[in-house]
Amino acid sequence: MKRLFPIFGLLTAVLLSFALYEALVAAPTEQTMGNVQRIFYYHVPSAWTAFLLFFINFICSIQYLVRSNPVADKVTNWTVIAIAIAACIAAFVIRPLPEGIEPSSVATTGLMIAGLYFLIKKYFSRERADALAVVSAEVGVVFCTVVLVTGPLWARPVWGIWWTWDVRLTSTLVLWLIYISYLMLRRFSTSGQTPVLAAALAVFGALDVPLVYFSIWIFRTQHPQPVIGGGGSIDPRMLHVLLINWLAFLCFAGLVCWSRYRLEILQRELEETQALEALLEPRSPR
Amino acid sequence: MSTASAVPSGVTGATLAKDLRLEWRSKDAINSMLFFSLLVVVVFSFSFDPNAEESRQIAGGLVWVAFLFAAVVALNQTWARELRNQVLDAYRVSPAPANSLFLAKALGNFIFVAVLEILMTPLFIMFYKLRALGPAWQLLPVAVLGTWALVVNGTFFAAVSLRTRSREIMLPLLLFPISIPALLAMVNATTAILTGELSAKFWIVLLSTYDVVFTIACLLLFELVLNAE
Chain A
1 MKRLFPIFGL LTAVLLSFAL YEALVAAPTE QTMGNVQRIF YYHVPSAWTA
51 FLLFFINFIC SIQYLVRSNP VADKVTNWTV IAIAIAACIA AFVIRPLPEG
101 IEPSSVATTG LMIAGLYFLI KKYFSRERAD ALAVVSAEVG VVFCTVVLVT
151 GPLWARPVWG IWWTWDVRLT STLVLWLIYI SYLMLRRFST SGQTPVLAAA
201 LAVFGALDVP LVYFSIWIFR TQHPQPVIGG GGSIDPRMLH VLLINWLAFL
251 CFAGLVCWSR YRLEILQREL EETQALEALL EPRSPR
Chain B
287 MSTASAVPSG VTGATLAKDL RLEWRSKDAI NSMLFFSLLV VVVFSFSFDP
337 NAEESRQIAG GLVWVAFLFA AVVALNQTWA RELRNQVLDA YRVSPAPANS
387 LFLAKALGNF IFVAVLEILM TPLFIMFYKL RALGPAWQLL PVAVLGTWAL
437 VVNGTFFAAV SLRTRSREIM LPLLLFPISI PALLAMVNAT TAILTGELSA
487 KFWIVLLSTY DVVFTIACLL LFELVLNAE
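Each protein sequence line maps, in turn, to chains A and B. Letter 13 of the first sequence, counting from 1, is numbered 13 in the numbering used here, and no numbers are missing. Converting from the second sequence to the numbering used here requires adding 286 to each position, the first position being numbered 1.
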């Protein structure tokens with residue numbers, strides 16, 4: 001595995017530079033917004049990557065909590081399987097689906113949730129799942145920050161305002177706030193059981209996000225804003241560039257997570273060894 | 287994950303009675319909460335012109351922000367009080383179910399904040415010349431559900447922040463982001479009732495959902511948090 005790291009790094013570098021070329025040169029210029037629109041190729045992939053990382057953090061936190069108890073573990077396994085099956089059935093049963101949602105995407109999402117859950121369960125022990133949770137939260141916050149910075153940069157020339165309390169903007173901001181408080185809890189905790197406390201907070205945060213989205217959605221539809229994106233179609237060439245950029249960003253996020261994960265594991269091993277040495281060492285004045 | 291039942295037992299009653307007696311004798315929390323929200327009332331009255339029209343628009347947010355900040359005072363001392371003489375450790379080794387303790391603490395905090403609200407509401411009405419144009423009785427469910435929303439998560443996160451450095455600051459940092467949907471619902475419901483322009487029904491439903499979801503989450507996870515040392 002370790003030998004793959006430089007190869008993966010090289011691949012990511014090549015992909016990122018290709019994506020940069022595609023976004024700045026190859027992609028067609030948008031008709032009304034002009035070159036400002038090109039920030040979209042960084043904004044959207046960062047958002048998707050951040051949400052994916054936060055979701056990984058949620059899965060790891062759940063696993064850390066339930067795996068200490070065999071019954072809860074089994075219940076969670078079956079719940080995840082039930083979600084996947086329900087998504088597959090819902091794709092065929094629910095008609096009509098909300099606009100812009102394909103039946104296949106509903107089924108795929110359900111299956112991917114289950115797939116991700118069981119992959120993490122298979123390849124990460126309970127302790128390592130916690131390390132992955134830290135890593136994904138940290139890298140996720142970085143990508144989320146990129147989203148929150150590039151958003152206003154684009155909004156100022158296009159909308160004429162830096163910020164609006166629109167549903168997506170506000171829920172992303174709240175998500176960012178929740179994960180900042182997660183990282184602060186990790187940092188300030190004096191307990192030996194920090195992972196339990198942090199995992200509990202992560203579960204609370206994940207429960208909170210749909211409520212935030214829903215409440216702000218209603219809040220803002222009662223008072224409509226002039227500027228809400230959504231709907232509309234995208235030029236296939238633009239979509240192509242967007243997806244290449246997303247792939248590059250995913251590889252980059254994976255690379256950063258990988259090295260940070262190795263660092264975290266090494267740090268924990270070091271701490272354990274030091275604690276062990278302190279126990280074994282005969283009492284002698286230093 | 288908790289296997290203990292969520293059903294209140296004699297432990298809940300005993301702990302609740304003890305907390306109420308302690309508070310009745312010392313009046314630490316209620317006095318500081320009252321004074322704090324009184325200060326908020328006075329200070330905010332300088333930041334805008336408290337005539338009847340403008341108050342109606344702003345009062346919803348003002349009232350709940352005052353109560354939220356004041357509630358943190360009570361929440362912070364919930365568990366800190368049990369650290370003296372290792373009461374919490376004794377509780378951990380006792381066979382009493384963890385959720386009984388949690389329910390007792392949450393109910394205790396609910397009573398403190400409810401008393402605060404009962405005492406402060408006349409002052410708010412007086413100072414800001416408030417009069418509801420909508421159905422005023424709906425303020426009662428909003429107050430009950432809203433207070434429980436603040437208190438149930440507050441009690442849980444107070445237990446979490448107990449194991450951190452500078453725990454008094456940590457509690458609001460953990461509690462406020464999670465409370466955003468509840469706060470939004472409370473503020474909007476209150477404003478809707480005061481101005482009488484919109485219906486508050488949706489917000490009350492949202493607040494009930496929030497309460498149910500997070501009460502269940504707290505009861506499921508509290509035992510783990512209590513035993514995390």
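Quick reminder that beta carbons are idealized off the backbone N, C-alpha and C, glycines included.
I need the boundaries of the alpha helix (DSSP H) containing A/T150, first residue and last residue. Segment R126 to W159, the alpha helix (DSSP H) holding A/T150.
Residues within the stretch 47–73 of chain A neighbouring chain B, beta-carbon criterion of under 7 Å: From the stretch 47–73 of chain A, only L65, V66, N69 and A72 have a Cβ closer than 7 Å to chain B.
On a CA-only basis, which of A/L250, A/Y117 and A/S125 is nearest A/N77? Give me that one, please. Of the candidates A/L250, A/Y117 and A/S125, the one whose C-alpha sits nearest the C-alpha of A/N77 is A/Y117.
Taking Cβ-Cβ distances below 7 Å as the criterion, which residues of the stretch 442–460 of chain B are in contact with chain A? Of all residues in the stretch 442–460 of chain B, V446, R449, T450, R451, S452, M456, L459 and L460 have a Cβ within less than 7 Å of some Cβ in chain A.
Helix, strand or coil for B/T450? Go by DSSP, reduced to three states. B/T450: strand per DSSP, three-state reduction.
Quick check on the burial criterion: 16 or more other C-beta atoms within 10 angstroms. Buried or exposed for A/F5? Looking at its Cβ environment, which holds fewer than 16 other Cβ atoms inside 10 Å, A/F5 is exposed.
Do B/V437 and B/L361 have their CB atoms nearer than 9 Å? Taking 9 Å as the Cβ cut-off, B/V437 and B/L361 qualify as a contacting pair.
Among residues of its own chain, excluding the 5 on either side of B/P421, which ones have a beta-carbon nearer than 7 Å to its beta-carbon? In chain order, I479 place their CB closer than 7 Å to the CB of B/P421, counting only its own chain and leaving out the 5 sequence neighbours on each side.
According to DSSP, what are the bridge partners of B/G347? Residue pairing from DSSP leaves B/G347 without any beta-bridge partner.
Between the stretch 427–435 of chain B and the stretch 375–387 of chain B, are three or more C-beta pairs nearer than 8 Å? No: fewer than three Cβ pairs fall under 8 Å.
Given a cut-off of 9 Å on the beta-carbon distance, is the pair B/F388 and B/L505 in contact? Note that the C-beta distance between B/F388 and B/L505 is below 9 Å.
Compare the C-alpha of A/T170 against each of A/E277, A/L211 and A/L111 and name the closest. Nearest option by C-alpha distance: A/L211.
Assumed close pair B/L460, B/V446 - CB separation to whole angstroms, cut-off 8 Å: Rounded, the Cβ-Cβ distance is 6 Å, consistent with contact.
Cβ of B/T495 less than 9 Å from any chain E Cβ? Given the protein chain composition of this structure (A and B), no chain E is represented.
How should A/G151 be labelled, buried or exposed, when 16 other C-beta atoms within 10 angstroms of its C-beta is the threshold for buried? Classification for A/G151: buried.
Cα-Cα separation, B/G299 to B/V327: Between B/G299 and B/V327, the C-alpha separation is close to 35 Å.
Quick check on DSSP: helix, strand or coil for A/S46? For A/S46, the secondary structure class from DSSP, reduced to helix, strand or coil, is helix.
Rounded Cβ spacing between B/L269 and B/G394 (contact assumed at less than 8 Å): Beyond the ends of chain B as shown, which are 287 and 515, falls residue 269 of chain B; an answer cannot be given.
Residue of A/S61, A/F124 and A/E269 minimising C-alpha distance to A/Y179: Between A/Y179 and the set A/S61, A/F124 and A/E269, the nearest pair of CA atoms involves A/S61.
Does B/P463 get closer than 9 Å to chain A when you measure Cβ to Cβ? For B/P463, the answer is yes, since a Cβ of chain A falls inside 9 Å of its Cβ.
Contact defined as beta carbons within less than 8 Å: I believe A/C251 pairs with A/T12. What is the distance between those atoms, to the nearest angstrom? Approximately 4 Å separates the beta-carbon atoms of A/C251 and A/T12; this is inside 8 Å, confirming the contact.
Within chain B, partners of A/T190 - CB distance below 8 Å: In chain order: R449, T450 and R451.
Nearest to A/W258 by CA position, among A/K121, A/V135, A/A86 and A/T273, is which residue? Nearest in C-alpha terms to A/W258, of all of A/K121, A/V135, A/A86 and A/T273, is A/V135.
Quick check on the burial criterion: 16 or more other C-beta atoms within 10 angstroms. Buried or exposed for B/V359? Around the C-beta of B/V359, 16 or more other C-beta atoms lie within 10 Å, and the residue is accordingly described as buried.
What residue range is occupied by the uninterrupted alpha helix (DSSP H) comprising A/E271? Unbroken alpha helix (DSSP H) run through A/E271: P236 to L280.
How would you write the range of the alpha helix (DSSP H) that B/M406 sits in, first residue to last? A384 to Y414 is the span of the alpha helix (DSSP H), which, as asked, contains B/M406.
Residues of chain A with CB under 8 Å from B/V438, in chain order? In chain order: nothing, as chain A lies at least about 11 Å away.
Could you work out which residues of chain B lie near A/V174, taking near to mean beta carbons separated by less than 7 Å? Neighbours of A/V174 on chain B, chain order: P463 and I466.
Within 9 Å, strictly: CB atoms of A/D208 and B/P463: For A/D208 and B/P463, yes; Cβs fall inside 9 Å.
For the ligand HEM, is there a heavy atom less than 8 Å away from the beta-carbon of A/T190? Ligands displayed in this structure: none; no statement on the ligand HEM is therefore possible.
A/S104 and A/A91 closer than 9 Å at C-beta: With respect to the 9 Å criterion, A/S104 and A/A91 are classified as neighbours on the basis of their beta carbons.
Cα-Cα separation, B/D305 to B/R449: Their Cα atoms are separated by approximately 21 Å.
Do you know whose CA, among A/L15, A/R3, A/F8 and A/M1, lies nearest A/W246's CA? The candidate whose alpha carbon is nearest that of A/W246 is A/L15.
Assign A/Y123 to buried or exposed, taking buried as 16 or more other Cβ atoms, counted over all protein chains shown, within 10 Å of its Cβ. So A/Y123 counts as exposed.
Considering only DSSP beta bridges, list what B/S318 is partnered with. Per DSSP, none; premise fails for B/S318.
Sequence-distant residues of its chain with Cβ nearer than 6 Å to A/G229 (five each side left out): With a pLDDT of 41 at A/G229, under the threshold of 50, the modelled position of this residue cannot be trusted; read the value that follows with caution. Residues of the same chain with a CB within less than 6 Å of the CB of A/G229, apart from the 5 flanking positions on each side, do not exist.
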